[in-house]
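Chemist: When we follow the working numbering, the leftmost residue of the first sequence carries the number 351, and every step to the right adds one. We treat Cβ as the ideally placed atom computed from N, Cα and C, and that holds for glycine. Can you read through this structure? Questions will come right after.
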Amino acid sequence: MPKDRKVAKKWTADEYIDDLFQKKDAGKLPMPNPPFFLGMEVFYLPIGQDVLRDIDMKRYERLVSRGAVLQRRYDPTTATHIVSENGAKVTATRLGINSVLDIPEHIRTVNGAFLGHLVSCYGSGTHVRTLPNGRKDYENAHWPGREDFDDPKLAAFTERIKKIEEIPVAPPPQVRRRHGERRLSSPQPPARSDTEDEDEDPRFKRNPTKSRQLPTPSQSSDIISRSSSPGLPPTSSPTPYDDEKADSDPLAEFYSKAREEAELGLNDESEFVDYTNHGHKRGVRTITHTPPSVWSVDNPRPTASCLNQDIIDELERLHLIHSSRPFEEDAWRAFSYKKCIRNIKNHPIRIKNGNEARQIYGVGEKTASKINEFLTTGKISRITHELSKGDVAAVKLFTGIYGVGSHTAYNWYTLGLRTLEDVRRGKGGVKLSPCQETGLKFYDDINLRMPRAEAEEIFLMIKPIALAIDPKLSVDIMGSFRRGKADCGDIDILITRPIHDGKTHAGVMARLWAGLHKARILTEDLALPSNMEDSLECTYRGLCSLPVPDSRRRRIDILMLPWQYRGAALLYYTGDDIFNRAMRFKAGKMGYSLNQRGLYAGVVRNPNKRTEKTNQGNIVASETEEEIFKILGVPWQEPWQRVRGA
DNA sequence: CGGCCGTACTG
DNA sequence: CAGTACG
DNA sequence: GCCG
Numbered sequence: 351m352p353k354d355r356k357v358a359k360k361w362t363a364d365e366y367i368d369d370l371f372q373k374k375d376a377g378k379l380p381m382p383n384p385p386f387f388l389g390m391e392v393f394y395l396p397i398g399q400d401v402l403r404d405i406d407m408k409r410y411e412r413l414v415s416r417g418a419v420l421q422r423r424y425d426p427t428t429a430t431h432i433v434s435e436n437g438a439k440v441t442a443t444r445l446g447i448n449s450v451l452d453i454p455e456h457i458r459t460v461n462g463a464f465l466g467h468l469v470s471c472y473g474s475g476t477h478v479r480t481l482p483n484g485r486k487d488y489e490n491a492h493w494p495g496r497e498d499f500d501d502p503k504l505a506a507f508t509e510r511i512k513k514i515e516e517i518p519v520a521p522p523p524q525v526r527r528r529h530g531e532r533r534l535s536s537p538q539p540p541a542r543s544d545t546e547d548e549d550e551d552p553r554f555k556r557n558p559t560k561s562r563q564l565p566t567p568s569q570s571s572d573i574i575s576r577s578s579s580p581g582l583p584p585t586s587s588p589t590p591y592d593d594e595k596a597d598s599d600p601l602a603e604f605y606s607k608a609r610e611e612a613e614l615g616l617n618d619e620s621e622f623v624d625y626t627n628h629g630h631k632r633g634v635r636t637i638t639h640t641p642p643s644v645w646s647v648d649n650p651r652p653t654a655s656c657l658n659q660d661i662i663d664e665l666e667r668l669h670l671i672h673s674s675r676p677f678e679e680d681a682w683r684a685f686s687y688k689k690c691i692r693n694i695k696n697h698p699i700r701i702k703n704g705n706e707a708r709q710i711y712g713v714g715e716k717t718a719s720k721i722n723e724f725l726t727t728g729k730i731s732r733i734t735h736e737l738s739k740g741d742v743a744a745v746k747l748f749t750g751i752y753g754v755g756s757h758t759a760y761n762w763y764t765l766g767l768r769t770l771e772d773v774r775r776g777k778g779g780v781k782l783s784p785c786q787e788t789g790l791k792f793y794d795d796i797n798l799r800m801p802r803a804e805a806e807e808i809f810l811m812i813k814p815i816a817l818a819i820d821p822k823l824s825v826d827i828m829g830s831f832r833r834g835k836a837d838c839g840d841i842d843i844l845i846t847r848p849i850h851d852g853k854t855h856a857g858v859m860a861r862l863w864a865g866l867h868k869a870r871i872l873t874e875d876l877a878l879p880s881n882m883e884d885s886l887e888c889t890y891r892g893l894c895s896l897p898v899p900d901s902r903r904r905r906i907d908i909l910m911l912p913w914q915y916r917g918a919a920l921l922y923y924t925g926d927d928i929f930n931r932a933m934r935f936k937a938g939k940m941g942y943s944l945n946q947r948g949l950y951a952g953v954v955r956n957p958n959k960r961t962e963k964t965n966q967g968n969i970v971a972s973e974t975e976e977e978i979f980k981i982l983g984v985p986w987q988e989p990w991q992r993v994r995g996a
């Protein structure tokens with residue numbers, strides 16, 4: 351019984367939620383009116399990992415008794431609200447996402463004070479009429495509305511408010527900062543006002559009392575960020591790096607290393623399969639504070655940190671330079687820089703010199719010395735030199751055209767083309783493929799991300815059209831949408847069909863394609879499946895738009911696959927790409943091969959031709975994502991936790 | 001020194 | 001086949 | 001460009 355404080359039962363959140371709903375179902379929970387949380391699905395993130403505070407229990411109860419549904423695990427696809435008293439970084443980490451900015455826009459994020467606020471505003475209901483029989487008439491009642499959750503005093507994360515305001519604004523130009531300069535800290539409104547709330551304990555307002563547990567890197571970086579503007583090092587504040595270092599550095603230092611080493615075939619406590627065959631498993635064991643598993647895919651990565659943002663900006667430039675050049679070596683250099691960037695983003699403490707950078711997995715001698723150059727001189731001469739040539743800018747511009755990669759772009763540059771207008775005019779005699787024509791025509795639209803809501807809206811128009819063709823089709827929206835992202839670069843739809851009645855979805859793609867064009871949802875095709883007519887497995891790529899005036903073109907991919915492959919297909923089509931690579935990499939090291947059709951054992955490859963398979967192998971798993979995770983020894987991760995890239 | 005994911009569509 | 005794209 |  352939660353009320354018996356004397357008994358002092360320690361409740362975990364899950365237990366308490368279960369208990370609450372049991373009571374509610376049994377009619378034992380008092381249900382005060384009005385039920386103004388009806389329709390809300392809340393993920394409440396209490397402070398501390400295990401034992402609930404009294405205040406949290408009280409709030410849980412209040413939420414449930416007023417009609418809210420509580421999520422045991424965060425699910426962005428159904429959540430309407432997140433309540434968190436934690437800082438942005440801790441919250442992001444515990445939601446399994448990179449940043450609170452990845453929380454879909456429609457989900458309101460509020461702090462714990464919101465409950466008291468709502469109760470005080472609406473506690474007895476506003477405009478609720480009491481009927482003669484004593485019951486209440488809620489017909490014209492005034493419920494807490496959007497504005498209540500937008501109240502800055504109740505907003506959990508000011509950065510989300512900022513983000514919503516910023517949406518129409520174009521991305522800011524990259525500002526060069528010299529060494530030693532800090533970013534302008536934008537005037538941040540106070541994160542929270544110390545409201546006089548009925549049940550607020552001021553001790554818990556700000557500091558996530560880092561409870562007796564080992565500090566995690568994200569926790570410590572959270573504290574750093576809160577001591578000044580979000581995500582930035584304190585200007586001259588009393589939180590010197592050394593203090594942080596003393597407490598989180600030794601662990602933090604090698605988290606990304608551990609994760610990355612993992613990716614490359616070191617070990618995992620639970621599995622402990624000797625993938626490397628090197629025999630000295632102990633070396634890894636000496637790391638006592640590592641997360642339970644060290645494979646990259648096994649642990650949701652901690653929050654991105656902006657501590658080393660200036661360094662990352664420089665590495666991004668190096669990445670851009672090399673990805674602009676159509677040579678294989680450059681492609682791999684770009685690959686390396688991307689890896690560096692990922693790992694440095696995960697590095698929870700400020701890098702002070704090249705030596706420190708060199709300790710980070712993925713940062714080699716060359717990059718470390720470049721970082722050192724940047725930290726001492728404020729610039730990297732190599733970057734200045736390379737960028738002065740002008741090819742990088744042109745290639746970047748041209749590769750923005752769908753269907754134009756670094757080779758084509760670089761050729762055009764060599765031919766003297768510099769602008770999109772040059773391309774349009776066919777300068778230098780360049781000819782565009784049909785798909786590139788479309789890419790050029792809708793250059794701006796294609797390079798723009800769409801709000802999550804629009805992706806959903808388009809999907810909800812497509813789904814019934816598909817189901818009209820065959821009501822038994824399974825039609826899902828995948829990609830960044832399924833990962834719960836607030837905005838989507840494209841719409842990914844996976845279609846398949848159960849086989850248990852002996853029928854198939856053969857020919858559906860052709861009919862759907864026609865139907866979607868007729869409905870004016872599909873506007874242009876980029877790549878048609880080779881055989882839409884009767885294949886069970888095909889890919890469509892194209893553009894679509896909401897069939898209303900002035901709507902933008904959006905990229906859409908439709909993938910069809912046999913039912914048996916559904917799990918592997920979900921896995922593939924959900925991504926993200928880095929997560930997929932890591933899974934495939936791990937599969938490879940374990941002697942499997944993973945693709946969108948399944949996990950295969952015994953695949954033999956031609957040692958000369960990398961992609962060529964001498965032996966197809968036997969399918970081991972493919973019907974569900976879970977079995978694939980299980981066989982690969984990867985702890986289950988929800989789609990929105992599968993984020994490895996930026 | 002070789003590997004760095006594995007596949008589908010275009011022309 | 002090379003080039004580009006997808007997650 | 002980094003790693004084994």
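Going by other Cβ atoms of all chains shown within 10 Å of its Cβ, with 16 needed for buried, is Arg-903 buried or exposed?
Modeler: buried
Chemist: When burial is assigned at 16 or more other CB atoms within 10 Å of the CB, is Val-713 buried or exposed?
Modeler: Val-713 counts as buried, since no fewer than 16 other beta carbons sit within 10 angstroms of its beta carbon.
Chemist: Based on DSSP bridge pairs, tell me the residues matched to Asp-875.
Modeler: Gly-892
Chemist: Cutting at 6 Å between CB atoms, please list the residues of its own chain near Thr-430, excluding the five before and the five after it.
Modeler: Met-390 and Glu-391
Chemist: Determine the direct distance from the alpha carbon of Thr-734 to that of Val-745, and round the result to whole angstroms.
Modeler: 17 Å
Chemist: Applying the 10 Å Cβ sphere with the 16-neighbour rule, what's the burial state of Phe-685?
Modeler: exposed
Chemist: Return the residue from the list Ala-442, Ile-432 and Val-970 that minimises the CA-CA distance to Ala-463.
Modeler: Ile-432
Chemist: From Arg-700 to Ser-449, what does the alpha carbon distance come to, in whole angstroms?
Modeler: 19 Å
Chemist: Measure the CB-CB distance between Gly-967 and Gly-948 and report whether it falls below 7 Å.
Modeler: no
Chemist: Would you mind sorting Ala-864 into buried or exposed? The rule is 16 or more other CB atoms within 10 Å of its CB.
Modeler: exposed
Chemist: What are the start and end residues of the alpha helix (DSSP H) that includes His-735?
Modeler: 731-737
Chemist: Nearest to His-757 by alpha carbon, out of Leu-725, Gly-789 and Pro-676?
Modeler: For the residues Leu-725, Gly-789 and Pro-676, the minimum Cα distance to His-757 belongs to Pro-676.
Chemist: Look up Glu-391 in the DSSP assignment and say whether it is helix, strand or coil.
Modeler: strand
Chemist: Determine whether the beta carbon atoms of Ile-730 and Glu-736 lie at a separation below 7 Å.
Modeler: no
Chemist: Examine the Cβ distances between the stretch 929-942 and the stretch 865-877 and report whether three or more of them are shorter than 8 Å.
Modeler: no
Chemist: Which partner residues of Val-401 appear in the DSSP bridge assignment?
Modeler: Thr-362
Chemist: Just grab the DSSP bridge partners of Arg-444 for me.
Modeler: BP columns for Arg-444 are empty, so no partner.
Chemist: Assess, as a yes-or-no matter, whether the stretch 869-879 is touched by the stretch 780-789 under the definition of 3 or more beta carbon pairs within less than 8 Å.
Modeler: Result yes; three or more Cβ-Cβ pairs closer than 8 Å.
Chemist: Using the C-alpha atoms, what's the distance from Leu-445 back to Arg-992?
Modeler: 12 Å
Chemist: Along the chain, where does the alpha helix (DSSP H) containing Met-859 start, and where does it finish?
Modeler: 858-868 is the span of the alpha helix (DSSP H), which, as asked, contains Met-859.
Chemist: What residue range is occupied by the uninterrupted beta strand (DSSP E) comprising Asn-965?
Modeler: 963-965
Chemist: Could you tell me the boundaries of the alpha helix (DSSP H) in which Ala-805 lies?
Modeler: 802-819
Chemist: Looking only at its own chain, which residues have a Cβ that is under 6 Å from the Cβ of Thr-726, when we skip the five neighbours before and after it?
Modeler: none
Chemist: Would you mind giving the Cβ-Cβ distance between Ser-972 and Ala-918, rounded to the nearest angstrom? I have them listed as a contact below 8 Å.
Modeler: 4 Å
Chemist: Please report the distance separating the alpha-carbon of Asn-761 from that of Arg-422.
Modeler: 54 Å
Chemist: Are the beta-carbon atoms of Ile-843 and Ile-819 separated by less than 7 Å?
Modeler: Taking 7 Å as the Cβ cut-off, Ile-843 and Ile-819 do not qualify as a contacting pair.
Chemist: Please state the DSSP three-state secondary structure of Asn-945.
Modeler: strand
Chemist: Write down the C-beta distance between Val-780 and Leu-765 rounded to the nearest angstrom, noting that I regard them as a contact closer than 8 Å.
Modeler: 7 Å
Chemist: At the level of alpha carbons, what is the spacing between Leu-451 and Glu-988?
Modeler: 18 Å
Chemist: Would you give the residue range spanned by the beta strand (DSSP E) that Met-910 belongs to?
Modeler: 904-910
Chemist: For the stretch 697-734, list the alpha helix (DSSP H) runs that are entirely contained and at least 4 residues long, ordered along the chain.
Modeler: 704-708 and 715-727
Chemist: Could you check what DSSP says for Asn-881 in three-state terms: helix, strand or coil?
Modeler: coil
Chemist: Could you pull the start and end residues of the alpha helix (DSSP H) that Ile-845 belongs to?
Modeler: Run containing Ile-845: none in the alpha helix (DSSP H); it sits in the beta strand (DSSP E), 840-846.
Chemist: Tell me Arg-692's beta-bridge partners as DSSP assigns them.
Modeler: Answer is none; Arg-692 lacks a bridge partner.
Chemist: Tell me which residues share the same chain as Val-858 and place their Cβ nearer than 8 Å to its Cβ, disregarding the 5 neighbours each side in the sequence.
Modeler: So the qualifying residues of the chain are Ala-816, Ile-819, Asp-820, Leu-823, Ile-845, Arg-847 and Met-910.
Chemist: Just mark Met-407 as buried or exposed, buried being the case when its beta carbon has 16 or more other beta carbons within 10 Å.
Modeler: buried
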